[in-house]
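> Here it is: the structure, laid out below.
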Amino acid sequence: MTDPRKHIMPVYAPPPQVFERGEGVRMYTEDGEAYLDFVAGIAVTALGHAHPALVDVLQTQAGKLWHTSNMFRVPAAEELAGKMCADTFADRVFFTNSGTEAVECAIKAARKYHWANGAPERIEIVTFQGAFHGRSLGAINAGGNPKYLEGFGPPLEGFTQIGFGDHDALDAAVTDKTAAVFVEPVQGEGGVRAIPEECLTGLRKLCDERGALLIYDEVQCGMGRTGKLFAHEWAEDASPDIMCVAKGVGAGFPFGACLMTEAVGQPMQPGSHGSTYGGNPLAMAVGNVVWDIISDEAFLAEVRRVSGTLTQGLKSLADSHPDKVEGVTGKGLLCGLKLKSLPKPFQATARDMKLLVGVAGNNVLRLAPPLIITDADVREAVAVLDKALEQTPVS
0 MTDPRKHIMP VYAPPPQVFE RGEGVRMYTE DGEAYLDFVA GIAVTALGHA HPALVDVLQT
60 QAGKLWHTSN MFRVPAAEEL AGKMCADTFA DRVFFTNSGT EAVECAIKAA RKYHWANGAP
120 ERIEIVTFQG AFHGRSLGAI NAGGNPKYLE GFGPPLEGFT QIGFGDHDAL DAAVTDKTAA
180 VFVEPVQGEG GVRAIPEECL TGLRKLCDER GALLIYDEVQ CGMGRTGKLF AHEWAEDASP
240 DIMCVAKGVG AGFPFGACLM TEAVGQPMQP GSHGSTYGGN PLAMAVGNVV WDIISDEAFL
300 AEVRRVSGTL TQGLKSLADS HPDKVEGVTG KGLLCGLKLK SLPKPFQATA RDMKLLVGVA
360 GNNVLRLAPP LIITDADVRE AVAVLDKALE QTPVS
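The following block contains the structure:
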């Protein structure tokens, strides 16, 4: 029999496990083996698998209306946009199907803002090494990772990348040609690195002084993952002009959004941007329920509490395995162990022990579990990681 996998474009290298269903913080293979999920679809399934409220609203909406396109009003989209603007800095929302599309909208909106305000020369987007903003041509040029740019033609004009934490380079890079500074408050792919809160405040001040916009990519670190609704909220006076969200905002249903102030959104008039599927009735039905659950302060307080339990557990591993672990990194439930060798062998050992974890740049074993994990889940995961560190040789 022909191997059906050969028809899939080989840009991924998945392990042999095939998961048939999920429930809460666990996924189950075809033969019924249970795995503790501390990947959550790369910080996506924020409320775990098959959350009853999400299943119910999706099934109800599926029996009513799936798609209209944006030729027509979608009341649930208007409702969700209102919630987002009430709970954040934003005044305007554009709904997308993914984080990458939210990034594209953000770049266009930033440039359009300056064009509309008599400064069409301000097209430069300043970004940081280690960033990941998606896989479209615009997004990979914003991210600047040579591995992702290779083979796709010359670099696009209008992107300036500087070193992570290089304040002198940042000061020099933001000029009268700069449209925006674009940053993840907590880098995911770049090694689960959190920008210090005082640096976010400083970025806001610098952008105000130079007339540039500030864009946050909170696709991975937003929607409660750090214990605040959005990661930048930990810092004082650090609100952005534009923010990209996705992943956890749909808790598994694919959609994203680009949020912006009224000043930035005003030039984006009919014809400036669009999406056939963005803000569709299915996504918006799910999105409203997800927002209601995660934005609740009691829910966020529990995320903060269990994050502390996980951080303590990871620090204990660092103390117990100083020969293999350099330290603990990240913020909230986007965290990890920075290892002294390549992380993939440790990831594979943990998976053999029925724990799913990810990897990230700078030799990090990345953890991004559902936000509903309990102390018992944390203890189980830490115990598995302890054994994985004991059993896996340094490579």
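Residue numbering for the sequence shown follows numbering that gives the first Met the number 0, starting at 0 and increasing by one per position. Even for Gly, the Cβ is constructed at its ideal location relative to N, Cα and C. Source: prediction; values computed, not measured.
(1) Can you tell me which of the three DSSP states residue 84 falls into?
(2) Would you call residue 97 buried or exposed, if buried means 16 or more other Cβ atoms sit within 10 Å of its Cβ?
(3) For the beta strand (DSSP E) holding residue 256, just list the boundary residues, first then last.
(4) How long is the line joining the alpha carbons of residue 203 and residue 183, rounded to whole angstroms?
(5) Where residue 71 and residue 267 are concerned, what is the direct C-alpha to C-alpha distance, given to the nearest angstrom?
(6) Residue 189 and residue 21 look like a contact to me (Cβ under 8 Å); what is the Cβ gap, rounded to whole Å?
(7) So, at 6 Å on beta carbons, what are the nonlocal neighbours of residue 102 in its own chain, with the 5 sequence-adjacent residues on each side left out?
(8) Find out if the Cβ-Cβ distance for the pair residue 256, residue 95 is shorter than 8 Å.
(9) My output table needs one value for residue 283: the three-state DSSP class, helix, strand or coil.
(10) Consult DSSP for residue 339 and reduce its assignment to one of helix, strand or coil.
(11) At which residue ranges does the segment 350-383 contain complete beta strand (DSSP E) runs of 3 or more residues, listed in the order of the chain?
(12) Beta-carbon separation of residue 18 and residue 11 under 8 Å?
(13) Evaluate contact between the segment 35-48 and the segment 222-233, counting only Cβ atoms and requiring at least three cross-stretch pairs below 8 Å.
(14) Report buried or exposed for residue 5, applying the criterion of at least 16 other Cβ atoms within 10 angstroms of its Cβ.
(15) I need the straight-line Cα distance from residue 366 to residue 336, nearest angstrom please.
(16) In whole angstroms, what separates the C-alpha of residue 119 from that of residue 290?
(17) Which residues does DSSP pair with residue 192 in a beta bridge?
(18) Keeping to the same chain, check which residues put their C-beta closer than 6 Å to that of residue 92; ignore five residues upstream and five downstream.
(19) For residue 33 versus residue 353, is the C-beta distance shorter than 8 Å?
(20) So is residue 62 buried or exposed if we call it buried at 16+ other beta carbons inside 10 Å?
(21) Return the first residue and the last residue of the alpha helix (DSSP H) that residue 396 is part of.
(22) Please state whether the Cβ-Cβ distance between residue 370 and residue 38 is less than 8 Å.
(23) Which two residues bound the contiguous beta strand (DSSP E) that contains residue 216?
(24) Closest by CA to residue 388, which one among 374, 375, 347?
(25) Starting from the Cα of residue 29, find the closest Cα among 16, 35, 40, 36 and give me that residue.
(26) What are the residues that DSSP puts in a beta bridge with residue 160?
(27) Assuming residue 278 contacts residue 73 (C-beta within less than 8 Å), just tell me the rounded distance between them.
(28) Output the distance between the C-alpha atoms of residue 105 and residue 349, rounded to the nearest integer angstrom.
(29) So if DSSP puts residue 27 in a beta bridge, which residue, or which two residues, is it bridged to?
(30) If you follow the beta strand (DSSP E) that residue 314 is part of, which residue opens it and which one closes it?
Checking against the coordinates, here is how it stands:
(1) In this structure, residue 84 counts as helix in the three-state DSSP scheme.
(2) Residue 97 is buried by the Cβ-count criterion.
(3) Residues 255-259.
(4) Between residue 203 and residue 183, the C-alpha separation is close to 13 Å.
(5) Taking the Cα positions, residue 71 is about 18 Å away from residue 267.
(6) No, residue 189 and residue 21 are not in contact; Cβ-Cβ is about 28 Å, not under 8 Å.
(7) Excluding residues within five positions, the ones whose Cβ falls inside 6 Å are 132, 133, 138, 243.
(8) Yes; because the gap between Cβ atoms is below 8 Å, this pair is in contact.
(9) DSSP places residue 283 in helix when its eight states are reduced to three.
(10) The answer is coil: DSSP assigns residue 339 none of H, G, I, E or B.
(11) Runs of the beta strand (DSSP E) inside the segment 350-383: 357-359, 363-366.
(12) Contact flag unset, no.
(13) These segments touch.
(14) Counting the other CB atoms within 10 Å of its CB gives residue 5 a total below 16, which places it among the exposed residues.
(15) Rounded to the nearest angstrom, the two C-alpha atoms are 8 Å apart.
(16) Looking at the two C-alpha atoms, the distance is approximately 36 Å.
(17) DSSP output for residue 192 lists 186 as bridge partner(s).
(18) Excluding residues within five positions, the ones whose Cβ falls inside 6 Å are 80, 83, 256, 258.
(19) A contact, by the Cβ cut-off of 8 Å.
(20) By the neighbour-count rule (16 or more Cβ atoms within 10 Å), residue 62 is not buried but exposed.
(21) Because the chain in this structure spans residues 0 to 394, residue 396 falls outside the shown range and cannot be described.
(22) The answer is no: Cβ separation not under 8 Å.
(23) Start and end: 212-216.
(24) Shortest Cα-Cα distance from residue 388 to any of 374, 375, 347 involves 347.
(25) Closest by alpha carbon: 16.
(26) The beta-bridge partner set that DSSP reports for residue 160 consists of 126.
(27) Indeed, because the Cβ distance is near 6 Å, the residues count as touching under 8 Å.
(28) Their backbone Cα atoms lie some 38 Å apart in a straight line.
(29) Answer by DSSP bridge pairing, in chain order: 20, 33.
(30) For residue 314, there is no enclosing beta strand (DSSP E); the residue is found in the alpha helix (DSSP H) stretching over 296-319.
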